[in-house]
């Protein structure tokens, strides 16, 4: 029954050879691999302006208050510079790791296992946050157009994550053409917004009231600029995706990936800068729930226009698509870690739909949890975000530096310099993010990281120790297996067909069989014993007193005693169990068998045999 | 660890011979056995007045409106008459069943199993309702004195049920003298209330404004009087308790029980009539949450007086004590039904504190559920109440009639007439309750009853069928047990120490051992096979293809095939399992073993042997 329901929802199992990758053209790869990066413009500008707004409102620096917004453009420009450095730097990774060089692999191979584990932990955290942030922001963008949605952000967020999870448990193909739509729709609508906005402002069709330009940038404290910059860096999350996915490009894969990387950088930079500039020009600052894109859309397109709704919906769609990319990345990274024995084995096994089901379930649970805890509010989730990304950026670029020093491939010095620049800048940004967002929530991530690494290490140590205990390396095959002497203990509560069957089995594997009866009601013991002697006179009948009416405790104690007296033997406990015709009939039987098995579960070197007796009960 | 926590909360296990009953004097038995009945005056008068009030408010019969309350006294008198009949009738039961004659036993022995089951089901439902109603009413009585409690009725109700349940899991002795206190405190305070109230009214110390007396009773519609009567009959719940508990009295037990029965009847009748009369005299009608006892206490004693608080608290205490009596009755009845194989066996086994733990847990869950569903409001719970009690009254008295006809003990005709009168009146009242409370909630009880009886019958049928399948009656002991031919299947995923141990065990019980390997990754199969042949050349190595990557399905299919080919053999599946040093290490292992065992759990005639291999993982 369970299987049928599962099949209905998740589809028929797939054959293993379907796992092979399909190669896709650049335009499709761009939409698939850049949705995470490009969609972040939907919240990054909001985040910058929110920091400046909170400062403006706080009124601490009265003179500078209105001036704060002026920094939004320079901050956006700094972030675009960083974007250029990252694109250049990751182009080197594409050349060096044409099979996909995730931060975990690059850091592990070049900087050592610990660096790899830190990068891996940071990435796992950020994949979870990508889902939470993207889904929250997506709902806020639809909610800006349809306000009744805002009140249900948490529950709707959970529903959307559930839908994405189910699609991924079925196995979605990233290469599906339908996934190209949201990305291009989003790029189209935002460029239209920016173009029309600028055109109307320049031609004077719209009366704009730009945010005030102060006489001096210096009036705003540096710490504020650094925080705004740190928040804006969320725009850069996901830029590494193309370098991780080189293998899905058509040949020449590395060249195509590098070209796509540049496209992605240009589009992301232009959108981000355009939105920030437009906000400045039209003096729009997000207040309350409404997103900046919605505010700009209302101003430029007008609130009820088709273009406005199209923009909001395509924004939400690209954000959900970005969340979907984590559903490929998280389970894949978890399976890499599991294959290296840093996570439980079952994360490495593919389900019958060729997806890593356990990873998908784990990601869904964690991201739903975050949405519920943070009320589905993007601006409350953002301080946790980006720090993990920049840790993996830094480690990945630093790893590339070591790679170049060791491999000395053609043009290695140029690549080394680019990666070194990347590592250095991302490290400086990491320090900025870590310090300015620390109290807002980054501490949670910084607390989680070492715990996760410790966890990875513990798991690894355990698997390694088990491997050493189990290994046959250096040992010789036995000439023959030593014959074991068996002692069989068979707990009984009465004499019936089922017990006789179990007894027959017990006698067929050993001469030394002992029936054990736990006496709850002394009045019944004598009759029981007589009955036993009549039926199976050859098998000793052991009566265990149980003054406290527990069946299990005297039994376990007896088995312990038997084992102690016979060192070389194996003690086999034969438990007669009923197999009922209907599963719910089990409620009426088998409790004792269940408890006996549970109590013996953690005992060493003890064999428990369940002999099933079928009862129809009709 | 679990055991230690359990011991701390529930105490050390008790020896079986402690189960013997202690005999107690009449004054103690009265307080123990009559708390359920006597405490019902705390809500029965409220219920009558509420019906009349709702009618008065509805204004349907404008002329008769204010007149409705006049019926409260006649209705109370009718209920007292019924009480006299019940006491007389149950005194006959005490003579006939000196070991305690519950409705289930009396009905089953005299009217047949079905009548017994109906009575049993009705009683189980009413025990649950006794807990819910008593706890709710108790909280409303404390809440009348301390209003902040009213807002938390549901959660406090659950807490109180939890406390009572824990006390009963520890094993409370009904005979404990401390339990005499609430009953006598309640009787004392209510008699004081009635006495002082009447005195002040008669002597004119207090200006009373009695409810209006109409010129004619006929102005009030009959249906209303019938409903008020039905609601008031909740006062009679619990009057059968003494006849159920004859065995706890000191000898001569039956005589003492009969005397106590009369005392109980007199006290209950006086309290009930007194409260109803007082309400009439002082024109007090419960509105909102405050209870009638609290309203009267405020009027007679004054709101802030010690007597007022004492009355409210002792009322709450006797109600909680009444709830506690269900914790003896429900598990006892459930164990009787379980012993007769009408309920799952585990309800019949005493826990290590000499209490029927499963019954206690079931009762707690059900009564908490009702409190949560009905918001802890006594007046919403009452329509469900009493109907079960009157079903069991009727069946019990009718059973007594048959008993007298059959046994013809001395004075049987007089007893027969008394019981017949009891059966007849309770049946008429049952019809009244069933019809007037039907839509208010009695339908739920009437729906539950046949379902429960069906359930009892199904369980019984199953146990009987199993008994027939298992019985050895009429069979001869075997001269010797036939030696079984074994085929052993041992699923493996690699070769290591644990597998070798399992293999050694397998080889010691059979010559025909087959290692089965499920191929997920074909690349690894050859190496695996070579390794196997090197280590255990004598044991066949079976490779099962698994195109859908499931380990379980091909394995089960193979075992089915083996079984089909070898009809007489027993197929034993030997599953190598790890015993880890720490329980949480199990998360990292054993999943496959677990799934194999689960998949084989419902297979007939198949033996599953777990061979444990101990790993430290350090």
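Residue numbers (this note's numbering), protein chains in the order written: chain A, 1243 to 1860; chain B, 1243 to 1860.
Glycine included, each C-beta is placed from N, C-alpha and C at the ideal position.
This one's a predicted model, so the numbers in the text were calculated from it and none came from an experiment.
Anything in chain B within Cβ reach of residue i, meaning under 9 Å, just list it in chain order.
| i | result |
| --- | --- |
| residue 1757/A | Under the 9 Å cutoff, chain B gives no residues; its nearest Cβ is about 13 Å from residue 1757/A. |
| residue 1750/A | 1723, 1724, 1725, 1726, 1727, 1728, 1751 and 1812 |
| residue 1522/A | What residue 1522/A touches in chain B: nothing, since even the nearest Cβ is about 52 Å away. |
| residue 1599/A | The premise fails here: residue 1599/A is roughly 11 Å from chain B at the closest Cβ pair, so nothing lies under 9 Å. |
For residue i, count neighbouring Cβ atoms within 10 angstroms of its own Cβ and tell me buried if that reaches 16, exposed if not.
| i | result |
| --- | --- |
| residue 1496/A | buried |
| residue 1824/B | exposed |
| residue 1447/A | exposed |
| residue 1849/B | buried |
| residue 1307/A | Unreliable placement is indicated for residue 1307/A, whose pLDDT of 42 sits below 50; the coordinate value is still reported in the next sentence. Its Cβ being crowded by 16 or more others within 10 Å, residue 1307/A is buried. |
| residue 1405/B | exposed |
| residue 1410/B | buried |
| residue 1467/A | buried |
| residue 1333/A | buried |
| residue 1388/B | exposed |
| residue 1802/B | exposed |
If distances are taken between C-alpha atoms only, which option among the options comes closest to residue i?
| i | options | result |
| --- | --- | --- |
| residue 1400/B | 1805/B, 1380/B, 1821/B and 1714/B | 1380/B |
| residue 1855/B | 1817/B, 1834/B and 1829/B | 1817/B |
| residue 1278/A | 1562/A, 1625/A, 1744/A and 1657/A | 1562/A |
| residue 1754/A | 1783/A, 1766/A and 1853/A | 1783/A |
| residue 1545/A | 1435/A, 1292/A, 1618/A and 1577/A | 1435/A |
| residue 1313/B | 1770/B, 1294/B, 1337/B and 1328/B | 1294/B |
| residue 1328/B | 1566/B, 1660/B and 1573/B | 1660/B |
| residue 1822/A | 1740/A, 1377/A, 1402/A and 1757/A | 1740/A |
| residue 1494/A | 1521/A, 1341/A, 1614/A and 1506/A | 1341/A |
| residue 1812/B | 1311/A, 1501/A, 1751/A and 1523/A | 1751/A |
Would a check of beta-carbon distances place residue i closer than 7 Å to chain D?
| i | result |
| --- | --- |
| residue 1708/B | Chain labels in this structure do not include chain D; the protein chains are A and B. |
I need the straight-line Cα distance from residue i to residue j, nearest angstrom please.
| i | j | result |
| --- | --- | --- |
| residue 1772/A | residue 1748/A | 21 Å |
| residue 1473/A | residue 1288/A | 9 Å |
| residue 1392/B | residue 1374/A | 41 Å |
| residue 1568/B | residue 1610/B | 14 Å |
| residue 1302/A | residue 1423/A | Because the pLDDT at residue 1302/A is just 49, under 50, the model does not fix this residue reliably, and the value given afterwards should be weighed accordingly. Spanning the two alpha carbons is a distance of roughly 46 Å. |
| residue 1316/A | residue 1688/A | 29 Å |
| residue 1273/B | residue 1426/B | 7 Å |
| residue 1709/A | residue 1858/B | 11 Å |
| residue 1734/B | residue 1759/B | 5 Å |
| residue 1282/A | residue 1763/B | 40 Å |
| residue 1658/A | residue 1649/A | 11 Å |
For a contact meaning CB atoms closer than 8 Å, what does residue i contact in chain A?
| i | result |
| --- | --- |
| residue 1511/B | Neighbours of residue 1511/B on chain A: none; closest Cβ ~43 Å, over 8 Å. |
| residue 1740/B | 1712 |
Since residue i and residue j are thought to touch, with beta carbons under 8 Å apart, how far apart are those beta carbons, to the nearest angstrom?
| i | j | result |
| --- | --- | --- |
| residue 1626/B | residue 1371/B | 6 Å |
| residue 1623/A | residue 1612/A | 7 Å |
| residue 1367/A | residue 1664/A | Not quite, the Cβ-Cβ distance comes to about 21 Å (not below 8 Å), so this is no contact. |
| residue 1815/A | residue 1842/A | 6 Å |
| residue 1774/B | residue 1719/A | That pair is no contact at about 10 Å. |
| residue 1517/B | residue 1537/B | About 10 Å separates the two Cβ atoms, so there is no contact after all. |
| residue 1628/B | residue 1476/B | 5 Å |
Check the Cβ of residue i against every Cβ in chain B and list those closer than 8 Å, keeping chain order.
| i | result |
| --- | --- |
| residue 1692/A | Within 8 Å Cβ-Cβ: nothing; residue 1692/A doesn't reach chain B, min ~20 Å. |
| residue 1777/A | 1714 and 1719 |
| residue 1702/A | Simply none; closest approach about 11 Å. |
| residue 1848/A | 1854 |
Return yes when the C-beta of residue i is under 6 Å from any heavy atom of the ligand FAD, and no when it is not.
| i | result |
| --- | --- |
| residue 1500/A | Questions concerning the ligand FAD fall outside what the structure shown contains, since it holds no ligand whatsoever. |
Give the interface partners of residue i over in chain A, defined as CB-CB distance under 7 Å, in chain order.
| i | result |
| --- | --- |
| residue 1737/B | 1714 |
Starting from residue i, find everything on chain B with Cβ-Cβ shorter than 7 Å and list it in chain order.
| i | result |
| --- | --- |
| residue 1827/A | 1704 |
| residue 1747/A | 1726, 1812 and 1849 |
| residue 1586/A | 1829 and 1830 |
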